[in-house]
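Under the numbering used here, the first residue of the sequence shown carries the number 1, and numbering increases by one thereafter. Structure first, then comments.
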Amino acid sequence: IVLIGTISLVFIKNEISLELYFRRKELGYLQIFNIDKNNLFWLIVCEYATKYLIAFLGAVLLFAVFYIILALFGIYSFIPLYLIGILFIAISLYTFFMVAIPCKKILMNKISDLIH
């Protein structure tokens with residue numbers, strides 16, 4: 001499970017970095033229209049955080065369904081439920097930093113560098 005989690009976190013990091021790289025022109029054009037860099041930063045962070053946290057909540061709901069089914073058949077899982085809360089906080093922080101760091105680097109560039 002740890003290996004699968006690690007692979008998925010690396011995949012998320014690469015996907016976010018690649019998407020932000022291809023969105024450079026979009027960010028440059030938005031800056032031309034006088035949209036503040038700080039507003040752009042928080043817009044992008046909220047967009048990605050929403051996307052990945054909704055996916056995580058879907059996984060938690062699926063886990064809850066299987067957990068309930070196992071409990072109905074008398075098979076109890078050894079995964080403590082508080083672990084879900086800890087994972088939610090960890091994934092939230094991971095997603096924030098994996099979006100914030102590349103986004104700040106991109107927004108520090110000149111507008112002309114972003115558009116070309």
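Beta carbons are placed, not taken as given, at the ideal position from N, Cα and C, and that holds for glycine.
Environment of residue i [buried if 16+ CB atoms lie within 10 Å]
| i | result |
| --- | --- |
| G28 | buried |
| L62 | exposed |
| Y21 | exposed |
| L70 | exposed |
| I114 | Checking the sequence shown, residue 114 turns out to be Leu, not Ile. With 16 or more other Cβ atoms within 10 Å, it is buried. |
| I106 | buried |
| I91 | buried |
| I44 | buried |
Spatial neighbours of residue i in its chain, beta-carbon cut-off 7 Å, leaving aside the 5 residues before and after
| i | result |
| --- | --- |
| L30 | L40 |
| Y48 | I16, T95, V99 |
Residue from the options with nearest C-alpha to residue i
| i | options | result |
| --- | --- | --- |
| K104 | L3, L53, D36 | D36 |
8 Å Cβ shell around residue i - same chain, five flanking residues per side excluded
| i | result |
| --- | --- |
| I131 | Not covered by the structure: residue 131. The range shown for the chain is 1 to 116. |
| I12 | Y52, Y94, T95, M98 |
| L9 | Y94 |
Spatial neighbours of residue i in its chain, beta-carbon cut-off 6 Å, leaving aside the 5 residues before and after
| i | result |
| --- | --- |
| H116 | none |
So, do the stretch 90 to 102 and the stretch 11 to 31 have three or more beta carbon pairs nearer to each other than 8 Å?
-> yes
Decide if the stretch 70 to 89 is in contact with the stretch 36 to 47; the criterion is three or more beta carbon pairs, one per stretch, under 8 Å apart.
-> no
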